[in-house]
Amino acid sequence: MIKLLSFHNMLLFLEKNILKITVTFFFILYLFVGIPHLGKFQTADEDLWFANPTEGRIHEYWRALKYGSWEDTRINDKPGVTTALLGGMLGLPYDQEPGKKMLRNGNLVDQFYPEYFEIASFFYRLGIFLVNGLLILIITWFVWKITENIFTTLLTSLFLFLSPILLGISQIVNPDATLWSFGFAATVGYLAFILKGHWWYILPSGVFFGFAILSKYTGSLLFFLLYLITFASFLFIGASFEEKKLFQKFVLQRLFGYILLCGIAIATFAILMPAVLVETEYLYKGTFGFKGAQNIDTLLIFLGGFFGIVLLDALVFKATISFFIARNLRFLKQPLCWILSLILISGVFFTLLTWSGGNPFDFQNVPFDAGKEKSYRNILDRGNQIALQTKPIVYTITPIILVFFISLLLYPFSFLQKNSSIKDEKKDRILFFIFVFGLFIVAFFYAAIFQRVLVHVRYSILIYPFVLFLSALGGSLIIQFLWKKHIFLGALSSGIVFSLLFASLLADRPFYFNYTNDLLPRDQDIVGAWGYGGYEAAQYLNNTIPFPEYLTAWSDYDGFCPFFEGRCIKGSNIKWYNKGTFEGIDYFVVSRRGLIRNESSWKKLNKNDIINPKPIWTLYIGDRPGNFVEVYERKNK
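The sequence shown finishes on residue 757 if you use our numbering, and the numbering steps up by one all the way, no holes.
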């Protein structure tokens with residue numbers, strides 16, 4: 121009898137705490153798959169932050185704080201303060217003498233201390249990785265508050281924890297690693313304020329917002345997103361009020377909430393980058409005045425003026441005009457979502473048709489990392505531009521999430537809503553999410569096309585959590601329906617979703633940031649090696665070649681040299697080594713991006729018959745032949 125009661129109590133405990141238990145399990149998985157590889161790579165630009173033996177931006181930031189050199193806290197125009205703060209939190213206590221990462225530093229030839237470098241890299245990344253995991257836990261709590269749906273909450277948590285791209289970027293010491301997490305945490309926290317009306321949500325949301333813009337100036341897009349959320353709530357939420365007085369209270373609280381949110385974000389920015397207090401211009405440069413921004417002042421004046429008019433109406437005219445407009449325009453809620461859904465669905469299928477179907481439109485397929493290079497900027501065809509901009513995100517999320525994303529975008533159409541048992545209030549909330557996040561995604565890609573910048577995965581990292589949240593909403597509608605039909609169907613579908621996501625993660629282990637789904641043909645790539653594979657190449661030479669410490673290797677990309685026990689020459693330094701004759705070099709390490717950047721050197725090597733034509737070691741990252749790392753041996757070595 122006691123055993124039966126104990127079992128019954130255990131079931132009650134599980135039922136009551138299922139959300140906490142499941143999310144904790146997801147967090148443990150996140151740690152399990154992400155921590156082991158933290159020290160075993162070096163990516164581009166990390167030498168600017170910590171990998172440089174003569175110190176880097178992380179050291180500069182903490183030294184500026186220590187000695188009160190406030191102006192020196194502006195370590196970069198990104199500004200990258202969040203990266204320096206979290207990266208140095210655990211990295212600096214270990215890396216007290218940065219010069220130890222390298223045994224000898226000549227003008228051209230370096231010799232590293234691989235063991236020390238690996239451990240130092242681990243600790244610099246660990247702070248960022250752990251904080252991002254904790255932020256997903258906080259995001260999960262906010263999502264529970266704004267959706268009040270256990271299926272949506274669990275799927276959002278699952279999608280964020282097991283997203284290969286988000287897990288991969290969280291392992292890298294780079295401003296993008298903290299931009300997406302703090303940015304999304306700020307957004308869902310502010311949504312909790314909008315929907316619940318409780319002021320205590322503003323403080324954490326404002327602080328997270330501040331950390332987002334301290335990560336990278338792209339975080340300033342949140343000023344516009346949160347502005348959009350504020351005013352869209354008047355139509356999607358406030359317009360349902362029958363009394364004008366309630367509507368007025370709703371509008372005033374949200375307007376002042378937005379002002380307070382932005383104030384807390386700016387205060388956080390100034391406190392953690394005190395250079396703003398020395399030179400106030402840095403605040404504008406770190407947010408709206410970043411390099412490349414165009415016509416931003418005109419937009420700010422317009423939005424500020426509109427904000428002032430609505431606030432004046434709410435204070436002086438008791439929101440009479442706003443209430444009249446909102447009540448009479450509420451019929452637009454569904455049509456607006458129809459338009460956005462059709463745009464997004466068309467974009468996804470257009471991208472799939474273009475690149476999965478053998479490029480039937482004969483678009484120019486420029487390299488994914490072309491950025492602002494002429495190969496992209498010279499493309500004038502709008503269809504070609506759209507196909508290139510949307511290609512990365514469509515092919516770097518798992519197919520099941522793409523299916524859920526499409527299913528949610530179908531929801532606004534009336535035939536699905538009529539057959540839904542969801543209450544009208546929650547229907548309006550779903551439409552609200554589709555509208556604000558859908559419009560943000562569309563506006564993001566429109567801005568990229570307008571700025572003529574090719575958006576690769578890292579540039580669009582802020583968009584990923586919004587897509588995953590919408591996908592979780594779509595998935596919850598499907599899985600919830602199956603659970604109601606039969607418990608077996610619900611359990612089976614939930615298990616399949618988890619298995620597919622976990623399998624996708626393991627398939628690309630440990631190169632998570634290079635994940636590309638199988639909808640894209642194998643001969644195409646979305647992400648470059650970005651430093652991956654160098655550790656594995658170095659281990660191959662360290663473990664198979666006798667006395668590697670006496671050998672010299674040249675690597676055409678970052679990622680190999682710090683882990684090689686011998687002497688190493690990096691990148692373009694080869695032009696000045698022994699007058700560019702390659703004399704004394706025993707092994708050559710090549711990657712896709714390195715080959716592009718050092719094409720003339722590789723042509724010279726092959727032309728002069730210096731290396732063996734076939735590599736002695738090859739790694740295809742993500743099992744894609746175009747994303748390779750190879751090791752070549754010198755002839756007659």
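Note that the Cβ used here is the ideal one computed from N, Cα and C, for glycine as well.
These numbers come from a predicted model, not from an experiment.
By the three-class DSSP mapping on this structure, what secondary structure does residue i have?
{"i": "proline 666", "result": "coil"}
{"i": "tryptophan 737", "result": "strand"}
{"i": "valine 587", "result": "helix"}
{"i": "glycine 247", "result": "helix"}
{"i": "tryptophan 650", "result": "coil"}
{"i": "glutamate 750", "result": "strand"}
{"i": "threonine 672", "result": "strand"}
{"i": "valine 486", "result": "coil"}
{"i": "phenylalanine 845", "result": "The requested residue 845 does not occur in the structure, where the chain is confined to residues 121 to 757."}
{"i": "glutamine 644", "result": "coil"}
{"i": "proline 213", "result": "helix"}
{"i": "leucine 500", "result": "coil"}
{"i": "isoleucine 141", "result": "helix"}
{"i": "alanine 79", "result": "With the chain covering only 121 through 757, there is no way to say anything about residue 79."}
{"i": "valine 577", "result": "coil"}
{"i": "histidine 157", "result": "coil"}
{"i": "isoleucine 513", "result": "helix"}
{"i": "aspartate 743", "result": "helix"}
{"i": "arginine 374", "result": "helix"}
{"i": "aspartate 417", "result": "helix"}
{"i": "leucine 125", "result": "Residue placement at leucine 125 is flagged as unreliable, the pLDDT there being 48, under the threshold of 50; the coordinate-derived value follows with that caveat. Looking at leucine 125 - three-state DSSP - the assignment turns out to be helix."}
{"i": "glycine 188", "result": "coil"}
{"i": "alanine 164", "result": "coil"}
{"i": "aspartate 638", "result": "coil"}
{"i": "tyrosine 531", "result": "coil"}
{"i": "glycine 700", "result": "helix"}
{"i": "lysine 547", "result": "helix"}
{"i": "phenylalanine 481", "result": "coil"}
{"i": "glycine 176", "result": "coil"}
Is it the case that the Cβ atoms of residue i and residue j are separated by a distance below 8 Å?
{"i": "aspartate 638", "j": "glycine 746", "result": "no"}
{"i": "glycine 377", "j": "phenylalanine 367", "result": "no"}
{"i": "alanine 434", "j": "leucine 380", "result": "no"}
{"i": "phenylalanine 313", "j": "serine 301", "result": "no"}
{"i": "valine 562", "j": "proline 512", "result": "no"}
{"i": "leucine 139", "j": "leucine 274", "result": "yes"}
{"i": "alanine 385", "j": "isoleucine 333", "result": "yes"}
{"i": "serine 654", "j": "phenylalanine 683", "result": "The identity of residue 654 in the sequence shown is glycine, whereas the question assumes serine. Yes, the pair counts as a contact, with Cβ atoms nearer than the cut-off."}
{"i": "threonine 307", "j": "leucine 278", "result": "no"}
{"i": "alanine 184", "j": "threonine 174", "result": "no"}
{"i": "glycine 615", "j": "isoleucine 599", "result": "no"}
{"i": "tyrosine 752", "j": "phenylalanine 708", "result": "yes"}
{"i": "tryptophan 169", "j": "glycine 207", "result": "yes"}
{"i": "tyrosine 635", "j": "proline 284", "result": "yes"}
{"i": "aspartate 167", "j": "aspartate 678", "result": "yes"}
{"i": "leucine 228", "j": "asparagine 693", "result": "yes"}
Pull up the DSSP beta-bridge partners for residue i, would you.
{"i": "methionine 90", "result": "Missing from the structure shown is residue 90; the chain here goes from 121 to 757 and no further."}
{"i": "valine 65", "result": "As displayed, the chain neither begins before 121 nor continues past 757, which places residue 65 out of reach and without an answer."}
{"i": "isoleucine 689", "result": "Val229, Trp674"}
{"i": "isoleucine 731", "result": "Arg754"}
{"i": "proline 199", "result": "Lys336"}
Spell out whether any CB of chain B is found under 8 Å from the CB atom of residue i.
{"i": "lysine 695", "result": "The displayed structure is made up of one protein chain only, and chain B is not part of it."}
Check whether the segment 572-586 and the segment 295-304 are in contact - that is, three or more C-beta pairs closer than 8 Å.
Cβ pair count under 8 Å is three or more, so yes.
Can you confirm whether the segment 382-400 touches the segment 437-451 when touching is taken to mean that 3 or more C-beta pairs between the two stretches lie within less than 8 Å?
Judged by Cβ distances under 8 Å, the segment 437-451 makes no contact with the segment 382-400, as fewer than three pairs qualify.
Does the structure place the segment 255-263 close enough to the segment 614-621 that three or more beta carbon pairs sit under 8 Å?
In short, these stretches do not touch, since the Cβ pair count stays below three.
As an exercise, report each continuous alpha helix (DSSP H) stretch of at least 4 residues that is fully enclosed by the segment 283-344, in chain order.
Runs found: 284-289, 296-316, 322-335.
For the segment 332-340 and the segment 424-434, state whether three or more C-beta atom pairs, one from each stretch, are separated by less than 8 Å.
Too few Cβ pairs lie closer than 8 Å, so no.
Contact between the segment 160-167 and the segment 643-660 (3+ Cβ pairs under 8 Å):
Yes: the two stretches touch, three or more of their Cβ pairs being nearer than 8 Å.
If we count Cβ pairs, one from each stretch, closer than 8 Å, do we get three or more for the segment 316-330 versus the segment 234-254?
Touching, no.
Does the segment 726-736 come within contact of the segment 677-697, defined as at least 3 CB pairs closer than 8 Å?
Cβ pair count under 8 Å is below three, so no.
For the segment 401-410 against the segment 349-356, are there 3 or more C-beta pairs whose distance is under 8 Å?
Between the segment 401-410 and the segment 349-356 there are fewer than three C-beta pairs closer than 8 Å, too few to call the two in contact.
Contact the segment 584-592 vs the segment 523-532: 3+ CB pairs below 8 Å
Verdict: yes, contact present.
Inter-stretch contact at 8 Å, needing at least 3 Cβ pairs: the segment 237-254 / the segment 215-225:
Segments in contact, yes.
With a cut-off of 8 Å, do at least 3 Cβ pairs link the segment 544-563 to the segment 492-506?
The segment 544-563 vs the segment 492-506: no contact.
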